[in-house]
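Trainee:
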Amino acid sequence: MKGKIARLAALAVGVLVVGALTATVAGARSSHSAVNFKNGGTLTIGLSEEPDALDPTLARTFVGRMVFESMCEKLYDLDSHLNIVPQLAAAMPQVSKDKLTYTIKLRKGVKFNDGTPFNAAAMKESLERDLTFKGSVRASEISPIKTIDAPNASTIVLHLSQPYSPLVSQLADRAGMAMSPKALASEGANFAQNPVCVGPFMYKDRVAGDHITLVRSPYYYAKSKVHLDSIVWKIMTDPSSRTAAMRAGDIQVEDRIQSTDVPTLRKDSSVNLVKAVTIGYQGITFNVGNKNGVGKPYSNVGTPLARSQDIRTAFDLALDRTTINKVVFGGLNAPDCYPLAPVSPWYKPTTSGLQCNLHANDAIASKLVKASGIANPTVNLLLGGTDPVTARLGQVIQAMEKNVGITVNVKPTEFTTSLNEATAGQFDAYAVGWSGRVDPDGNIYGFVATPGTLNYSGYSNPKLDYILNGARKSLSTKSRDTLYRAAMTIIHRQRPLIYLYHPVYYFGVSKKVAGVQIYGDGLIRAQFAGYTQ
Amino acid sequence: MSYVDTTAVTISPRARRWRLLRRRFLRRPLAVVGLVVAATFIVAAILAPVVAPYSAGETNFNAILLHSSSHHLLGTDELGRDVFSRIVWGARASIEAGVFSTLLAMAVAVPIGVVAGYYRGWTDTVIARLTDVLLAFPFLIVAVGLAAILGPSLTNATIALGIGAAPALIRIARGEALALREEDYVRAAVANGASDLRIISRHVVPNMLSTLIVQGTVLIPTAIIGEAVLSFLGLGVQPPTPSWGVMLSDAQSYLIQAPRLAIYPGIAVFLCSLSFNLLGDGLRDVLDPKTTR
Amino acid sequence: MGGFLLRKAGAALIVVFCSSVVVFAGVRALPGDPAIALSGENRDPAVLAAIRQKYGLDKPLPEQYLKWIWHALHGDLGVDQRDLPVAHTIIARIPITLELAVLAVLLGSVIGIVAGIVAAVRRGKAADHSATTFALVGLSLPHFWLGLMMIVVFAVDLHWLPAGGYVSFGSNPLGNLEHMLMPAIVLGTGLSAVLMRQMRSAMLTSLGADYVRTARAKGLPEWLVVGKHALRNSLITVTTVIGLQLGVLISGAVITEEIFVIPGFGHLTLDAIDQRDYTLLQGVILVVAAGYVLINLLVDVVYSLLNPRIRVQGSST
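Protein chains in written order, with my numbering: chain A, 39 to 571; chain B, 6 to 298; chain C, 7 to 323.
Pasting the structure below:
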């Protein structure tokens, strides 16, 4: 803890930093021009979860994407308004009239972090690895890509088997990351033990469950934007300890502060709070048709929720989203009824005219329960976690449903086990969230389309399938708006899922640091940050 | 006229021994305190519906995190539930886990240990090695693993704690049986041709009783703390059923705003386990022929 | 002596082998398909099948076991879910838990032994009563609660010590001790309580023995009488108690590391169970079991050196 004098001296810079960093709705703004960065230093970031394998083809964790932000650039990236902008590509892709060919020009003069050149051949190799590597988690994300050509060193051409509008957004995520062919040749399946990409920072070492160290790369093409010597991502899964470390100055950035600590950190004069309203959601999935597992034929499972749309509606109306937010999250999240978030440009056009109940309507809900004809309906609510916050949520839902005559049995389950049970259809209702994707297809298709791989609900509606497939193939924003609005109307009425809120993440950034960006995707972007004191 | 001590004539040796033990026990104030406090917890646990002013899961979202008041003896928690009531209801989980897991451990360990110690030879070697294997795993890891395999619930936590405590108890029972086997009256019974079962049930086990009782009173507080740990890790009692461990786990997020939420259940665990420890110490002294008081 | 050691070592080896089977079976018994955990948000059946193949989950169990144990004997414990070598992780994190355990044992031993001696020498007086009371409190206190309370008081309120985390001794010796102080106290409390009681009881027994009375009658100074016996008793007692309490110590380390966020392998074990990281879990528990058996072996050897009767009689356990 520094003394008062140091704090006073930093006030001037602090004002600038506060102004630059404290976001209101859609995340942080860039602050390079106004701030004086010092060269050097190590930034320690306290992460709330541990990244999995640092291999873009296999990676599947949200926090892994944060680490990749500083060490693995991709064809495209997001800007602060969640628009897709070129990163390793030189420009947005040229799409053929039949929407089956994408020509992408690549940035020139780029090197991998082992000194080898980044070119079309390398990008082609990375994409092909994503498509064909055994166990690749990326394959289904870019499956419509049939073949890839590299006509010259700075151009790649993607040939698709069918139109696919989410493609570019996928290339703005792990599927678009470039891996060094030299590293792939020497490490092969063990790429994660020594990953080499294009990035402002490069991998140095990692201790499982403890930390990941990245150091400044001498090969990066925009070295002047980099100020730090190294970034240490520390794994600190316990939220209370994370906050304690932030307050003590052991870490300079804190990932996702727990709601009960936000008021304390607000008062802390050494910490800036950065708020990010995310594009993810938290909701409750109802098991409607998942009898034998996701992917097997669906048929109504016969529970009160599955049989009666009235019970599902009643369940929804009994929940007071505002009170849930207040009691469980200290009022910090954004209650809502839809999978797309207000920060997304798709939100307004696709939800206009739909009714969202932020407050409970016990009268109507009780009536619906009686009208359903089912006496004493009971719901087994599967919770995806055994942590206190999830437990609170479960108990609040249980208490609210009691008011309208629905008995809820809460089943806190470890997240991994809950995924298994949900996939197998062993639940009535499942409280689970989704980290969110920029393209609306990413927040909807997998969950309610019949072939959706995350369709725990077992919901199968041919009309909805038709609409969602059409929306995937269309490249016109206007027609996609109309189609997704039609999809929302169906989902909202039939309620295979209900949505409770969009997580609002609060991050802590030390006042000595500037340039840490956090957009609506919730990822910490620290690569161009630096110390100002 | 000779004076006849009528009491000596009418009281059986068993009753006399009982009286002696009771007198020795009452001479130890700490042990008595332990007994009284432990009994209080047990009674509170059994009579929870009567003793607790509120039901365990009664939420009130407009009354969260209140301080002590006339309505709420120890205030309310993060969901508006009465803390005092939850501590009383929580006693159920702790006492149940503590007592039943100990009984389970005994029921499993004593027969196995006695068989090993009595029969010796190959039976003993196999059982001793297997026990060593089980002892190689730290008690908590075994309990956590079992609870993870069986699924989180109070019953499974109780089972996990009981099985976790069994190996050490097997060793003790085995040791006792080994020693008792050499006693004269046992040898005499063997020479007389009495069946093994008869010998074990009439001579071996009854003479282990005092050791077992003392071990039991040592195991119970360990199991109570063990249940709190498992619930703290999310592997024991499931909400809305309260348990002191769950209350401690929930309180972690509120350590800065409302540390009292962590203090009260912690004191409950401490007092409960302390009382059983005092009781156990007292019993050990009382039943030990070497102590004179 | 040689024969005794050989027998003990042989038994230890058998125990470790059986433990490996138990570990393997126990880990496989955890509910939940690890392939689904490893595939994250992706449920593509082709992906799941490929993951199963990659980790050998599609082979029959005995084959999986043999493959694992064969590699383990060569020092290769496989890779975990992050594609990082398990052996690496264990080597990196074991010293941290060892440091915690050693500090806890040191603290606990010093406090326990001294308290026990004082209590025995000053039997019946105030010092005895307070020491006995503290021991009782130490036994009954749930140490994870003690940890939470210490964090509230010393870290949050007084800012004297850090609330958790770890810095390596090499990079910052003072910081390292600062971070380890509260966890060591929390972990060592139980041990000091048990030691104190054992020590007191052992001292009382030996101080009442005939040869001591003779020594006193001869006029030997009190401190010599107490000192000699204290020394011998403490070595035997400490050895026995540590051997018995080792399992408890490791269990305590698990929860202490959890609360103080120390990256030792107790914390690693809990995380691995949570994430169904089979390979990591198997490797860690095997190492723990093997270490436990090894330390017990050492304790037995030391005990027999101190107490020759054991050697002659053979094993009593």
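Virtual Cβ for every residue (Gly too), placed ideally from N, Cα, C.
Comparing C-alpha positions only, which one of A:Gln208, A:Thr139, A:Val101 and A:Asn157 sits nearest to lysine 184 of chain A?
Mentor: Here residue 184 of chain A is taken as the residue at index 146 of the first sequence, counted from 1. Nearest C-alpha to lysine 184 of chain A: A:Thr139.
Trainee: Quick one: using the 10 Å Cβ neighbour count with 16 as the cut-off for buried, is tyrosine 497 of chain A buried or exposed?
Mentor: On the first sequence, position 459 is the one that residue 497 of chain A refers to. By the neighbour-count criterion, in which a residue is buried when 16 or more other Cβ atoms sit within 10 angstroms of its Cβ, tyrosine 497 of chain A is buried.
Trainee: Cβ of phenylalanine 142 of chain B within 8 Å of Cβ of isoleucine 291 of chain C?
Mentor: Translated into the one-based positions of the second sequence, residue 142 of chain B becomes position 137. Translated into the one-based positions of the third sequence, residue 291 of chain C becomes position 285. A contact, by the Cβ cut-off of 8 Å.
Trainee: Counting only runs that start and end within the stretch 104-165 of chain B, where is the alpha helix (DSSP H) found for 4 or more residues in a row?
Mentor: 126-140 and 144-155
Trainee: For alanine 233 of chain B, tell me which candidate among B:Ala98, B:Thr81 and B:Gln257 has the shortest Cα-Cα distance.
Mentor: Residue mapping note: residue 233 of chain B aligns to position 228 of the second sequence, counting from 1. Comparing Cα positions, the closest option is B:Ala98.
Trainee: Three Cβ pairs or more, each shorter than 8 Å: is that satisfied between the stretch 100-113 of chain A and the stretch 34-45 of chain B?
Mentor: no
Trainee: Report yes or no: is there a C-beta of chain C within less than 8 Å of the C-beta of glutamine 464 of chain A?
Mentor: Walking along the first sequence from the start, residue 464 of chain A turns up at place 426. It does not: the Cβ of glutamine 464 of chain A has no partner Cβ on chain C nearer than 8 Å.
Trainee: Decide if alanine 375 of chain A is buried, meaning its Cβ has at least 16 other Cβ atoms within 10 Å, or exposed.
Mentor: Taking the first sequence and counting its residues from 1, the one referred to as residue 375 of chain A is at position 337. In the sequence as presented, alanine is not what sits at residue 375 of chain A; that position holds cysteine. The residue is buried, with at least 16 neighbouring Cβ atoms inside 10 Å.
Trainee: Could you compute how far the alpha carbon of leucine 303 of chain C sits from the alpha carbon of alanine 148 of chain B?
Mentor: The residue given as residue 303 of chain C occupies position 297 in the third sequence. The residue given as residue 148 of chain B occupies position 143 in the second sequence. Each residue's Cα considered, the two are about 24 Å apart.
Trainee: At the level of alpha carbons, what is the spacing between phenylalanine 156 of chain A and histidine 540 of chain A?
Mentor: Taking the first residue of the first sequence as 1, we reach residue 156 of chain A at position 118. Taking the first residue of the first sequence as 1, we reach residue 540 of chain A at position 502. If you take the alpha carbons of phenylalanine 156 of chain A and histidine 540 of chain A, they lie about 38 Å apart.
Trainee: Buried or exposed, going by whether 16 or more other CB atoms sit within 10 Å of the CB of tyrosine 468 of chain A?
Mentor: Stepping through the first sequence from its first residue, residue 468 of chain A is reached at position 430. With 16 or more other Cβ atoms within 10 Å, it is buried.
Trainee: Tell me the start and end of each unbroken alpha helix (DSSP H) in the stretch 210-272 of chain C that is at least 4 residues and wholly inside, in chain order.
Mentor: 216-224 and 228-266
Trainee: May I ask you to report which of helix, strand or coil DSSP gives phenylalanine 367 of chain A?
Mentor: Looking up residue 367 of chain A in the first sequence gives position 329. DSSP, reduced to helix, strand and coil, places phenylalanine 367 of chain A within a helical segment of the structure shown.
Trainee: Rounded to the nearest angstrom, how far is the Cβ of glycine 84 of chain A from that of lysine 334 of chain A, given a contact under 8 Å?
Mentor: The residue you call residue 84 of chain A lines up with position 46 of the first sequence. The residue you call residue 334 of chain A lines up with position 296 of the first sequence. Their Cβ separation, rounded to whole angstroms, is 42 Å, which puts glycine 84 of chain A and lysine 334 of chain A out of contact at 8 Å.
Trainee: Beta strand (DSSP E) containing phenylalanine 263 of chain B: first to last residue?
Mentor: Taking the second sequence and counting its residues from 1, one reaches residue 263 of chain B at position 258. One point to set straight first is that residue 263 of chain B is alanine, not phenylalanine, in the sequence displayed. Careful: alanine 263 of chain B lies outside any beta strand (DSSP E) and carries neither H nor E.
Trainee: Quick one: is phenylalanine 105 of chain B near chain C, going by C-beta distance under 8 Å?
Mentor: For the purposes of this step, residue 105 of chain B is taken as the residue at position 100 of the second sequence. Phenylalanine 105 of chain B does not count as touching chain C.
Trainee: What did DSSP end up calling tryptophan 94 of chain B once you bin it into helix, strand or coil?
Mentor: Here the question's residue 94 of chain B lines up with position 89 in the second sequence. If DSSP states are grouped into helix, strand and coil, tryptophan 94 of chain B belongs with the helices.
Trainee: Check whether the stretch 465-479 of chain A touches the stretch 318-337 of chain A, counting contact only when three or more Cβ pairs, one atom from each stretch, lie closer than 8 Å.
Mentor: yes
Trainee: Excluding the 5 residues preceding and the 5 following phenylalanine 23 of chain C in the sequence, name in chain order all residues of the same chain whose CB lies nearer than 7 Å to its CB.
Mentor: Numbered from its first residue, the third sequence carries residue 23 of chain C at position 17. Nothing meets the Cβ criterion.
Trainee: Give a yes or no on whether 8 Å exceeds the smallest Cβ distance from leucine 205 of chain A to chain C.
Mentor: If you number the first sequence from 1, residue 205 of chain A lands on position 167. So no, leucine 205 of chain A is outside the interface.
Trainee: Glycine 226 of chain A bridges to which residues according to DSSP?
Mentor: On the first sequence, residue 226 of chain A is found 188 positions in, with the first residue counted as 1. Under the DSSP definition of a beta bridge, glycine 226 of chain A lacks any partner.
Trainee: Look at the alpha carbon of alanine 619 of chain A and the alpha carbon of valine 92 of chain C, and state the distance between them as a whole number of angstroms.
Mentor: Lying before the first or after the last residue shown, residue 619 of chain A is absent from chain A, which here runs from 39 to 571.
Trainee: Residues in the same chain with beta-carbon distance under 6 Å from glutamine 132 of chain A, minus the five sequence neighbours each way, listed in chain order, please.
Mentor: To locate residue 132 of chain A, count along the first sequence from 1; it is residue 94. Around glutamine 132 of chain A: Thr141.
Trainee: Can you find a CB in chain C that lies within less than 8 Å of the CB of alanine 96 of chain B?
Mentor: Counting from one through the second sequence, the residue named residue 96 of chain B turns up at place 91. So no, alanine 96 of chain B is outside the interface.
Trainee: Of all Cβ atoms in chain B, is any one closer than 8 Å to the Cβ of threonine 275 of chain C?
Mentor: Residue 275 of chain C sits at position 269 when you count from the first residue of the third sequence. Judged by the 8 Å Cβ criterion, threonine 275 of chain C is in contact with chain B.
Trainee: Could you give the distance in angstroms between the alpha-carbon of valine 120 of chain B and the alpha-carbon of threonine 128 of chain B?
Mentor: As a first step, residue 120 of chain B must be located in the second sequence, where it is residue number 115. As a first step, residue 128 of chain B must be located in the second sequence, where it is residue number 123. For valine 120 of chain B and threonine 128 of chain B, the distance between alpha carbons rounds to 8 Å.
Trainee: Restricting to Cα atoms, I'd like to know which of C:Gly253, C:Phe150, C:Gly32 and C:Leu145 is closest to threonine 262 of chain C.
Mentor: In the third sequence, counting from the first residue as 1, residue 262 of chain C sits at position 256. Taking only the C-alpha atoms, the option nearest threonine 262 of chain C is C:Phe150.
Trainee: When you check each C-beta in the stretch 431-446 of chain A against every C-beta of chain B, which residues fall closer than 8 Å?
Mentor: Gly432, Gln433, Val434, Gln436 and Ala437
Trainee: Starting from the beta carbon of proline 426 of chain A, find every residue of chain B whose beta carbon is closer than 8 Å, and list them in chain order.
Mentor: Walking along the first sequence from the start, residue 426 of chain A turns up at place 388. Chain B residues near proline 426 of chain A: Ser254, Asp255, Gln257 and Ser258.
Trainee: Which of helix, strand or coil does DSSP assign to phenylalanine 175 of chain C?
Mentor: In the third sequence, the residue the question calls residue 175 of chain C occupies position 169. Coil, per DSSP.
Trainee: Alpha carbon to alpha carbon, what distance is there between proline 373 of chain A and leucine 538 of chain A?
Mentor: Position 500 of the first sequence, counted from the first residue, corresponds to residue 538 of chain A. Position 335 of the first sequence, counted from the first residue, corresponds to residue 373 of chain A. One C-alpha to the other measures close to 6 Å.
Trainee: Can you grab the Cα-Cα spacing for the pair valine 56 of chain A / valine 551 of chain A, in whole Å?
Mentor: As a working note, residue 56 of chain A is residue 18 in the first sequence. As a working note, residue 551 of chain A is residue 513 in the first sequence. Residue placement at valine 56 of chain A is flagged as unreliable, the pLDDT there being 40, under the threshold of 50; a coordinate-derived value is accordingly withheld.
Trainee: To the nearest angstrom, how far is it from the Cα of serine 26 of chain C to the Cα of valine 56 of chain B?
Mentor: Here residue 26 of chain C refers to the residue found at position 20 of the third sequence. Here residue 56 of chain B refers to the residue found at position 51 of the second sequence. Cα to Cα, serine 26 of chain C sits roughly 49 Å from valine 56 of chain B.
Trainee: Consider the Cβ of threonine 170 of chain A: report whether some Cβ of chain C lies at a distance smaller than 8 Å.
Mentor: In the first sequence, residue 170 of chain A corresponds to position 132, counting from 1. Judged by the 8 Å Cβ criterion, threonine 170 of chain A is not in contact with chain C.
Trainee: Put serine 68 of chain A into one of helix, strand or coil per three-state DSSP.
Mentor: By one-based count along the first sequence, residue 68 of chain A stands at place 30. Residue confidence is low: serine 68 of chain A scores 42 on pLDDT, short of 50, so the model does not pin down where it sits. Its coordinate-derived value is still stated next. Looking at serine 68 of chain A - three-state DSSP - the assignment turns out to be coil, as it is neither helix nor strand.
Trainee: Taking the C-alpha atoms as reference points, what is the distance between serine 178 of chain A and leucine 96 of chain A?
Mentor: On the first sequence, residue 178 of chain A is found 140 positions in, with the first residue counted as 1. On the first sequence, residue 96 of chain A is found 58 positions in, with the first residue counted as 1. Cα to Cα, serine 178 of chain A sits roughly 12 Å from leucine 96 of chain A.
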